[in-house]
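If you read the protein sequences in the order shown, they are chains X and R. With the first sequence counted from 1, adding 725 to any position gets you the numbering used here. With the second sequence counted from 1, adding 210 to any position gets you the numbering used here. Data block below; observations after.
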Amino acid sequence: MSTQIPKQTDESSDTDAEAEAPSKGDERRDEKRRRAAEDRARRQAEEAEKAAADEETVELKVFRYDPEIEGKQEPRFDTFHVPFTKGMTVLDALMYSRDTYDSSLTFRHSCRQAVCGSDAMFVNGGQKLACKTQISDLEEPIRVEPLPHAEVRKDLVVDLEHFYDQMEAVEPYFQTNEYPDGELEEQRQTRENREKIKMSTRCIWCSACMSSCNIAAGDNEYLGPAAINKAYRFAMDEREGEDMKQKRLEIIEQEHGVWRCQTQFSCTEVCPKDIPLTEHIQELKREAVKNNLKFW
Amino acid sequence: MHEHDVIVVGAGGAGLRAAIAAQEAGADVAIVSKLHPVRSHTGAAEGGINAALRDADSWQDHAYDTMKGSDYLGDAPAVEALCQESPEEVIQLEHWGMPFSREDDGRVSQRPFGGLSFPRTTYAGAETGHQMLHTMYEQVVKRGITVYDEWHVMELAVTDEEDPADRTCHGVVAYDIQSGEISGFRAENGVILATGGMGQVFDHTTNAVANTGDGVAMAYRAGVPMEDMEFIQFHPTTLPSTGVLISEGVRGEGGILYNKEGERFMFEHGYANNDGELASRDVVSRAELTEVNEGRGIEDEYVHLDMRHLGEERILDRLENILHLAEDFEGADGLTEPMPVKPGQHYAMGGIETNEFGETAIGGLYAAGECACASVHGANRLGGNALPELIVFGKRAGRHAAGEEMGEAEITTGKAGDWEPADYEFEVEVGEAGGQGPAAADGGAVATDPDGVLEAEVERAKARVEELLSRKGRNHAEIRSRVQQTMTDNVNVFREEGRLEETLGDLREAREAYKDVAVSDPSRTFNTDLIHTMETRNILDIAEALTMGALARKEFRGAHWRKEHQERKDGEWLKHTLVSWNDGEPELWYKPTILEGEDKTYEPKSRSY
């Protein structure tokens, strides 16, 4: 797997700045960039020294890239030494590194409890949610990289537009032709049916599955595990009714739909919410066959 | 510049519901949010949504419970609106496909929650917020509503008349986190703030890192008062090491709290002889900390929450998510051992002052959800009442902003109704102290035509960002952490006058330090250092107003406990605290609580559980 860096174009901001007379702000920023680079080098040298003297630290090697900052346009790895505390997660270590050593270290994070899906990363060669990955479970030095198969925006932040497009391509919203007559009356759903769709509704859109999928890497139009799972969530929901299920199956059995899946189980392995993604995809294939929707 | 009829800031439960309602009412609506919608912290809500759905229950009972829970600081017109409209909103969610937990007959399940006289909390396992957030985002996708995600709203574009009541909001200025572009978003009809909580004012919180109270602070600086900020809910069951929430649903299903001696202290030490673990949240939080302070805590820090007796089947059916959280974030197996818990900051009862339609004192500016204060929760929020607030008041604000006729509001905003100044001298100077650059001004823009106001605000925002990026100075992280520490140490469950005064002093120092703040990452691409630095300003303004309110309120009501004042004083304090920015010289004042409902008056009674 490779990390994709967007190619530099001639319209990069640096080129623009050269073409025109540099403004005061640009000069100040350039000056600041130089200073920041010096500061960083000095701090890291100090920390490395300190860390060598102290065994209770963990070593992180973190991928760094910024399309507009000199010295970061070529991807590199920075090393951070973080004092270890019991229960420390990869996210904790990254936040410590950012707040203590380098405030430009960039990663998405919000809830800290594995429900917002912001902080999926490539940790020691696997897709993980940083907030629920314990440092004590990892071998050192811990390599932290952005999700493979997505374009890197900066450091550990990747572009998720393609992922969101695929999620939204499966008509990811409840549809039915029939609602109960009574005012304030809910649709009935059996406990068994709710149980059947339960796991599929747990998806937090972290995109770890998409990043792990070789098929998605080779076929940019493949819906991918998360979007197919979203389709499963509705197709299997008895409240939508049989007509709608047929329509759902037509969406997922298209050329870049379920049939692309080669059951490698990599999505299922990396899913932080333990959703049986591969099984869901297989079940939709069976349903499509049952409904004579196979595409060949 | 982007132009829409209605701009919604924030994409959690309240923002999404507001956007859907505005769109249904015919408006061209757009959502601007610093996070992609599905990352919003509504997704972390666990327990449920209170709604009087069944024949044996009634909205009147729900309203009574809510008023009592609020310790009579809720405003009846808002409380009654919540309770009347929650059932139809829950059914609406179900019709949008939300996967609620079910009974054998296929109907939506309800469970008991603290402070409720009927088991009226609807839920989807222990992940109700996640299901609600995703269900509503699905509707936003279906309707093709425009979402500007990862755009951080910096300030509101508000005219600068002297009296805030004469001002009008014409839009917002936002910073594109991906590219660094600063742009104006013009709102023809209205701006709805739905920015959620402010838990990052504290150190130990269930709130997300993004919950920095941005909407509250920017409305405050534009002239809208903050209301009842001293009322902060500390949730009794958060994991000690991270602050991750363990749902009240655990106690709702029968979970029991024990101290170090193995005593069921809620009963054995008489904190709540009737309701025990299911007393109101403020009561349980104080009970736990009292146990710890009196030496009966485990490791001198926490108590145990035991759910083993519920059995594996019931736990897996209704509380499965709790097992994962306890395992992943505390290494505890809820099936075989009790879980360690302690109180943590969870919810702000106060917020942007609004009426029951979400309108603020400034024309064209609305607020809904946790960032707003109508007030539905008064001095203490009941579990299961936050999610219905999001949908009921999100919808109301959306419809009103889109121009629907909704009648006359009973709740007044600003100084339009009765009000009185505070009689309190702060020993420490509060407010601006010499100015903090252009972004700090009140209202601010000189122009009065809508586009001009927005343009001027965009220019000021650009200058502010340029300044932060180009100068040398302090990193914000140290300032933020100092604020969080002093707030957690001193403005916590137990509050004492001397320590509150000390906190104002600490905040004064933090404000001074913030004057020299700078962003060392010069990049325009995804500069989170810059975003966090701007957020820290919001944290400072909120922490200060909160502490001012806490110092001045010399009584014990709901979540606000004062060592020197151990009684609720209805004669003097049946009133809302308001803090106005007032051009950088914060002004503290009060307005009466409205206890008169549709058919009855809620007479304050002693609050025992």
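C-beta atoms are modelled at their ideal positions from N, C-alpha and C, and glycine is treated no differently.
Helix, strand or coil: which one does DSSP assign to residue 520(R)?
Looking at residue 520(R) - three-state DSSP - the assignment turns out to be helix.
Do the region 292-308 of chain R and the region 237-250 of chain R touch if we need at least three Cβ pairs shorter than 8 Å?
Of all C-beta pairs linking the region 292-308 of chain R to the region 237-250 of chain R, fewer than three are shorter than 8 Å, placing the two stretches out of contact.
According to DSSP, simplified to helix, strand and coil, what is residue 567(R)?
Residue 567(R): coil per DSSP, three-state reduction.
Cβ pair residue 841(X), residue 253(R) closer than 8 Å:
Their beta carbons are under 8 Å apart, which means residue 841(X) touches residue 253(R) by this criterion.
Could you give the DSSP three-state label for residue 849(X): helix, strand or coil?
If DSSP states are grouped into helix, strand and coil, residue 849(X) belongs with coil.
Neighbourhood of residue 808(R) by C-beta distance below 7 Å, restricted to the same chain and skipping five residues each side
Within the same chain, 290 come within 7 Å of residue 808(R) by CB-CB distance, once the 5 residues on both sides are set aside.
Does the count of Cβ pairs from the region 523-532 of chain R and the region 382-399 of chain R closer than 8 Å reach three?
Touching, no.
Just how far apart, CA to CA, sit residue 780(R) and residue 816(R)?
Roughly 11 Å separates the two Cα atoms.
For the candidate residues 445(R), 506(R) and 795(R), whose alpha-carbon lies nearest to that of residue 475(R)?
Residue 506(R) is the option with its Cα nearest to residue 475(R).
Starting from residue 802(R), follow the beta strand (DSSP E) in both directions and report where the run begins and ends.
Start and end: 797-802.
Cβ pair residue 746(R), residue 686(R) closer than 8 Å:
Their beta carbons are under 8 Å apart, which means residue 746(R) touches residue 686(R) by this criterion.
Please report whether the beta-carbon of residue 828(X) lies at a distance below 8 Å from any beta-carbon of chain R.
Yes, contact with chain R.
Would residue 262(R) and residue 293(R) qualify as a contact pair, given that the criterion is a beta-carbon distance under 8 Å?
For residue 262(R) and residue 293(R), yes; Cβs fall inside 8 Å.
Taking beta-carbon pairs under 7 Å, can you tell me which members of the region 445-470 of chain R lie near chain X?
Legend: CB atoms of the region 445-470 of chain R lying less than 7 Å from CB atoms of chain X belong to residues 451, 452 and 454.
What do you get for residue 617(R), buried or exposed, if any count of 16 or more other CB atoms within 10 angstroms of its CB means buried?
That one is exposed.
Where does residue 926(X) fall in DSSP's three states?
Reduced to three states, the DSSP call for residue 926(X) is helix.
Paired residues, beta bridge with residue 808(X) - DSSP:
Per DSSP, 782(X).
Does the beta carbon of residue 806(X) sit closer than 8 Å to a beta carbon anywhere in chain R?
No, no contact with chain R.
According to DSSP, is residue 841(X) part of a helix, a strand, or is it coil?
Residue 841(X): coil per DSSP, three-state reduction.
Please specify which runs of the alpha helix (DSSP H), each continuous and at least 4 residues long, are wholly inside the region 921-996 of chain X, giving them in chain order.
Fully enclosed alpha helix (DSSP H) runs of 4 or longer: 933-937, 939-943, 950-960, 967-977 and 991-995.
Whole-number beta carbon distance between residue 581(R) and residue 472(R), since they are thought to touch under 8 Å:
42 Å between Cβ atoms; not a contact.
Please report the straight-line C-alpha distance between residue 802(R) and residue 802(X), rounded to a whole angstrom.
Going by C-alpha positions, residue 802(R) is about 59 Å away from residue 802(X).
On the DSSP bridge assignment, give the partners of residue 631(R) in chain order.
According to DSSP, residue 631(R) bridges with 799(R).
Backbone secondary structure at residue 829(X) - three-state DSSP
DSSP, reduced to helix, strand and coil, places residue 829(X) outside both helices and strands of the structure shown, so it counts as coil.
Quick test of your reading: residue 829(R) and residue 914(X), contact by CB under 8 Å. State the CB separation rounded to the nearest angstrom.
Within the shown structure, residues of chain R are numbered from 211 to 819, placing residue 829(R) beyond reach of any answer.
Need the endpoints of the beta strand (DSSP E) that residue 461(R) sits in, please.
No beta strand (DSSP E) holds residue 461(R); the alpha helix (DSSP H) holding it covers 459-462.
Do you know offhand how far residue 948(X)'s Cα is from residue 769(R)'s?
Residue 948(X) and residue 769(R) have their C-alpha atoms roughly 49 Å apart.
Own chain partners of residue 361(R) with C-beta closer than 6 Å, once the 5 adjacent residues on each side are dropped
Within its own chain, the residues whose Cβ lies closer than 6 Å to the Cβ of residue 361(R), once the five positions on either side in sequence are excluded, are 242, 384 and 386, listed in chain order.
For residue 908(X), which beta-bridge partners are listed by DSSP?
Per DSSP, none; premise fails for residue 908(X).
Quick one: Cα of residue 320(R) to Cα of residue 537(R), how far?
Using only the alpha carbons, I get a separation of about 26 Å.
Assuming residue 553(R) is part of the beta strand (DSSP E), what are its boundary residues?
Residue 553(R) -> beta strand (DSSP E) spans 549-558.
Would you say residue 745(X) faces chain R, with C-beta separation under 8 Å as the test?
Residue placement at residue 745(X) is poorly supported in this model, since its pLDDT is 46, which falls under 50; the coordinates still yield a value, given next. The beta carbon of residue 745(X) sits no closer than 8 Å to any beta carbon of chain R.
Since residue 162(R) is in the alpha helix (DSSP H), which residue starts that stretch and which ends it?
The question about residue 162(R) has no answer, for chain R in this structure spans 211 to 819.
Under the three-state DSSP convention, the category residue 327(R) falls into
Coil at residue 327(R), not helix or strand.
Within 8 Å of any Cβ in chain X, is that where the Cβ of residue 778(R) sits?
Cβ-Cβ to chain X under 8 Å: no for residue 778(R).
Quick one: list the residues of chain R neighbouring residue 899(X), beta-carbon separation under 9 Å, in chain order.
Taking a Cβ-Cβ cut-off of 9 Å, the neighbours of residue 899(X) in chain R comprise 305, 306, 307, 308, 345, 348, 349 and 352, given in sequence order.
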